[in-house]
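> Sharing a structure, written as structure tokens. Questions coming.
Residue numbers (the working numbering), protein chains in the order written: chain A, 1 to 113; chain B, 1 to 119.
Structure (structure tokens):
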């Protein structure tokens, strides 16, 4: 298995609070991604990074920000969590761009009450 | 933008039978089509992919076919086994390799198919 960890694995938080999810990789892959998974929607890309300090928006980026200060870490921040952000969040990595195999982490289940 | 539809949403087959999952896409520029398998409580894992210059690809019991004219591609699993039970996702993207792109390059996933293989 690719060396990808996500923390925390589960979190319950209240509406309006900030939340940061962490993705850590040991593969030295250049590209990192954050997805959310919701029933009936598959996986939707939130943000991605193509290098340290190089990030771009995905299809559902509103309400989320990201940072990548080191190759191995990619942080996803919900500035002010809303109930619509209750979801399972997956981090993924790849050696090249999006036409390369993506390796997914174990996921973080976030509940916003 | 790209839209990927996937059918059926659920599928039950007897062990040993074949399973077929179909996907359609809307963007004719898409040229990379991966399939991911997600077991319960885990992240998705790539099982096979195909690029637009190929019509079919096989890997043991798994095969994928692509019809670019009709904009659809399918996953075929033969001789199904209980361990094939999982959620399967198709995806489509305008793939690129190597050089850094400055514009957003989407990978769009289908909504998933829950496959149950009955022993």
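Heads up, the beta-carbon is just placed ideally off N, CA and C, and yes, glycines get one too.
1) Nearest by alpha-carbon distance to residue 38 of chain A: which of A:88, A:83 and A:17 is it?
2) So residue 115 of chain B is in the beta strand (DSSP E); what residue range does that whole segment cover?
3) If contact is defined by three or more beta carbon pairs under 8 Å, each pair taking one atom from either stretch, is the region 24-33 of chain B in contact with the region 51-58 of chain B?
4) Would residue 94 of chain B be called buried (16 or more neighbouring beta carbons within 10 Å of its own) or exposed?
5) Counting only Cβ pairs nearer than 7 Å, list the residues of chain B close to residue 106 of chain A.
6) Quick check: the region 76-85 of chain B against the region 101-109 of chain A, are at least 3 beta-carbon pairs closer than 8 Å?
7) Using the rule of at least 16 other Cβ atoms within 10 Å of the residue's Cβ for burial, across every protein chain shown, is residue 45 of chain A buried or exposed?
8) Under 9 Å between C-beta atoms, does residue 8 of chain B make it to chain A?
9) If the cut is a Cβ gap below 8 Å, which residues of chain B does residue 85 of chain A touch?
10) Helix, strand or coil for residue 102 of chain B? Go by DSSP, reduced to three states.
11) In whole angstroms, what separates the C-alpha of residue 59 of chain A from that of residue 47 of chain A?
12) Using beta carbons (cut-off 9 Å, strictly below), is residue 62 of chain B in contact with chain A?
13) Mind listing which residues of the region 32-58 of chain A have their C-beta closer than 9 Å to chain B's C-betas, in chain order?
14) Report yes or no: is there a C-beta of chain A within less than 9 Å of the C-beta of residue 109 of chain B?
15) With DSSP collapsed to three states, give me the class of residue 83 of chain B.
16) Could you tell me which chain A residues have their CB closer than 7 Å to the CB of residue 112 of chain B, listed as they occur along the chain?
17) State the start and end residues of the unbroken beta strand (DSSP E) segment that holds residue 59 of chain B.
18) So with Cβ pairs under 9 Å, would you call residue 90 of chain A a contact of chain B?
19) What is the rounded straight-line gap between the Cα of residue 9 of chain A and the Cα of residue 8 of chain B?
20) Give me whichever residues DSSP pairs with residue 46 of chain B in a beta bridge.
21) In three-state DSSP terms, what is residue 49 of chain A?
22) Label residue 66 of chain B either buried or exposed according to how many other C-beta atoms from any shown protein chain fall within 10 Å of its C-beta, with 16 as the threshold for buried.
23) In angstroms with no decimal places, state the Cα-to-Cα distance between residue 110 of chain B and residue 21 of chain B.
24) Can you give the beta carbon distance from residue 102 of chain A to residue 92 of chain A, rounded, assuming they're within the 8 Å contact cut?
In terms of the structure at hand:
1) Residue 38 of chain A sits at position 38 when you count from the first residue of the first chain. Nearest of A:88, A:83 and A:17 to residue 38 of chain A, Cα basis: A:88.
2) By 1-based counting over the second chain, the position of residue 115 of chain B is 115. Its beta strand (DSSP E) spans residues 113-118.
3) At 8 Å Cβ cutoff, the stretches touch.
4) Position 94 of the second chain, counting from 1, holds the residue named residue 94 of chain B. Looking at its Cβ environment, which holds 16 or more other Cβ atoms inside 10 Å, residue 94 of chain B is buried.
5) Working through the first chain from its first residue, we reach residue 106 of chain A at position 106. Simply 42 and 43.
6) Contact fails between the region 101-109 of chain A and the region 76-85 of chain B, because fewer than three Cβ pairs, one in each stretch, are under 8 Å apart.
7) If you number the first chain from 1, residue 45 of chain A lands on position 45. Residue 45 of chain A should be labelled buried.
8) On the second chain, position 8 is the one that residue 8 of chain B refers to. For residue 8 of chain B, no CB of chain A lies under 9 Å from its own CB, so it is not counted at the interface with that chain.
9) Working through the first chain from its first residue, we reach residue 85 of chain A at position 85. For the C-beta of residue 85 of chain A, not a single chain B residue is nearer than 8 Å; the gap to the nearest is close to 19 Å.
10) Against the second chain, residue 102 of chain B aligns to sequence position 102. Per-residue confidence for residue 102 of chain B stands at a pLDDT of 41, beneath the threshold of 50, marking its modelled position as unreliable; no derived number is given.
11) As a first step, residue 59 of chain A must be located in the first chain, where it is residue number 59. As a first step, residue 47 of chain A must be located in the first chain, where it is residue number 47. One C-alpha to the other measures close to 8 Å.
12) Here the question's residue 62 of chain B lines up with position 62 in the second chain. By this cut-off, residue 62 of chain B is not an interface position.
13) Of all residues in the region 32-58 of chain A, 33, 35, 37, 39, 40, 41, 42, 43, 44, 45, 48, 50, 51, 54, 56, 57 and 58 have a Cβ within less than 9 Å of some Cβ in chain B.
14) Within the second chain, numbered from 1, the residue matching residue 109 of chain B stands at position 109. With its beta carbon less than 9 Å from one in chain A, residue 109 of chain B belongs to the interface.
15) For this step, residue 83 of chain B is matched to residue 83 along the second chain. Residue 83 of chain B: helix per DSSP, three-state reduction.
16) Counted from its first residue, the second chain places residue 112 of chain B at position 112. In chain order: 42.
17) Start at 1 with the first residue of the second chain, and residue 59 of chain B comes out as number 59. Where residue 59 of chain B is concerned, the enclosing beta strand (DSSP E) starts and stops at 56-59.
18) If you number the first chain from 1, residue 90 of chain A lands on position 90. True, the Cβ-Cβ gap to chain B drops below 9 Å.
19) As a working note, residue 9 of chain A is residue 9 in the first chain. As a working note, residue 8 of chain B is residue 8 in the second chain. Going by the C-alpha atoms only, they are around 30 Å apart.
20) Translated into positions along the second chain, residue 46 of chain B becomes position 46. DSSP output for residue 46 of chain B lists B:36 as bridge partner(s).
21) On the first chain, residue 49 of chain A is found 49 positions in, with the first residue counted as 1. Correct three-state label for residue 49 of chain A: strand.
22) Taking the first residue of the second chain as position 1, residue 66 of chain B is located at position 66. Under the 10 Å beta carbon count, residue 66 of chain B is surrounded by 16 or more other beta carbons and is classified as buried.
23) For the purposes of this step, residue 110 of chain B is taken as residue 110 along the second chain, with counting starting at 1. For the purposes of this step, residue 21 of chain B is taken as residue 21 along the second chain, with counting starting at 1. Put simply, the backbone Cα of residue 110 of chain B is about 11 Å away from that of residue 21 of chain B.
24) As a first step, residue 102 of chain A must be located in the first chain, where it is residue number 102. As a first step, residue 92 of chain A must be located in the first chain, where it is residue number 92. Confirmed, about 4 Å.
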